[in-house]
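A short worksheet on the structure shown next.
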Amino acid sequence: MKLYIAKATCSLAVQTIANELGLAPELVHFDVFGKSTSNGSAFADVNPLLYVPALALENDNDDVLTETVSIVSYLADQHPASGLIPRHGTMERVYMDQLLTFLATEIAQKHIPLMRKLMTPEGIAFHTNKLQSAYGVLNQRLADGRAYLTGEQFTVADAYVWATMWHERSGVKLDHLEHLMAYVARVEARESAQKALRDEAEIVARHEASLES
Ligand SMILES: N[C@@H](CCC(=O)N[C@@H](CS)C(=O)NCC(=O)O)C(=O)O
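Per the UniProt record's numbering, the sequence shown starts with residue 1, numbered consecutively.
See the structure below:
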């Protein structure tokens with residue numbers, strides 16, 4: 001498999017889940033601003049919208065998966081014993097899908113126009129407010145002392161939250177949400193997350209060096 005990633009983006013969620021599962025997809029770095037890839041391929045052929053993550057399965061159909069939620073769910077579903085996602089057909093899975101949709105729409109996508117500095121003052125206030133409320137919901141869930149969002153088991157949702165903690169780049173104050181901040185540190189301390197950061201840094205450095213030479 002080839003996993004297309006970009007620096008400090010939601011692709012870290014997929015890397016983390018792959019690491020949890022002991023998978024080692026070949027990483028390809030996409031430079032979001034310069035539009036080049038670390039292997040010289042045209043990313044538009046992989047995903048015409050130029051969004052990471054994208055996972056090229058290299059199966060008989062050359063399937064390419066996009067959408068963070070779909071990719072992490074697909075990987076975890078291949079390994080049900082990992083406990084990274086509840087099984088299809090259960091209420092736990094319905095609640096997990098609900099949570100993943102919430103993370104994609106109320107958190108990840110709310111950050112992006114803020115980070116890109118594309119908004120009017122009214123838009124900034126609107127998105128900031130929405131993000132603080134959404135993170136407040138997560139903080140409230142964690143207030144009972146649970147280690148992860150759905151209990152003691154680390155799941156795809158936790159990887160996704162960690163990978164999209166972009167509040168500093170968005171200028172959204174979250175320091176008052178103490179359960180959330182302790183939880184994010186807990187996720188970041190996992191070896192799967194640390195390896196994702198190391199692997200990302202390595203391929204970004206290699207790509208940058210190749211562009212300079
Ligand atoms: N709907 C996609 C969106 C992914 C997305 O927003 N990716 C960002 C990085 S987190 C990206 O590739 N941005 C590149 C760009 O905007 O040009 C998903 O949920 O996976």
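Even for Gly, the Cβ is constructed at its ideal location relative to N, Cα and C.
What residues are listed by DSSP as bridge partners for residue 85?
Answer is none; residue 85 lacks a bridge partner.
Tell me the residue span of the alpha helix (DSSP H) that contains residue 118.
In the DSSP assignment, residue 118 falls outside any alpha helix (DSSP H) and carries neither an H nor an E.
Who are the near neighbours of residue 17 in its chain, counting only those whose CB is closer than 7 Å to its CB and skipping five residues on each side?
Only residues of its own chain outside the window of five on either side were considered, and among them 72, 75, 76, 84, 156 and 159 have a CB closer than 7 Å to the CB of residue 17, listed in chain order.
Compare the beta carbon distance of residue 54 and residue 135 with 8 Å and say whether it is the shorter of the two.
Between residue 54 and residue 135, the CB-CB gap reaches or exceeds 8 Å.
With DSSP as the reference, label residue 4 as helix, strand or coil.
Residue 4 falls in the strand class under three-state DSSP.
Does the beta carbon of residue 16 fall short of 7 Å from some heavy atom of ligand 1?
No, the Cβ of residue 16 stays beyond 7 Å of every heavy atom of ligand 1.
Look at the Cβ atom of residue 69, then the Cβ atom of residue 11, and state whether they are nearer than 8 Å.
The Cβ-Cβ distance between residue 69 and residue 11 does not fall below 8 Å.
Please work out which residues of its chain come closer than 7 Å, Cβ to Cβ, to residue 31, disregarding the five sequence neighbours upstream and downstream, and give them in chain order.
207.
Less than 7 Å separating the Cβ of residue 67 from some heavy atom of ligand 1?
At least one heavy atom of ligand 1 sits closer than 7 Å to the Cβ of residue 67.
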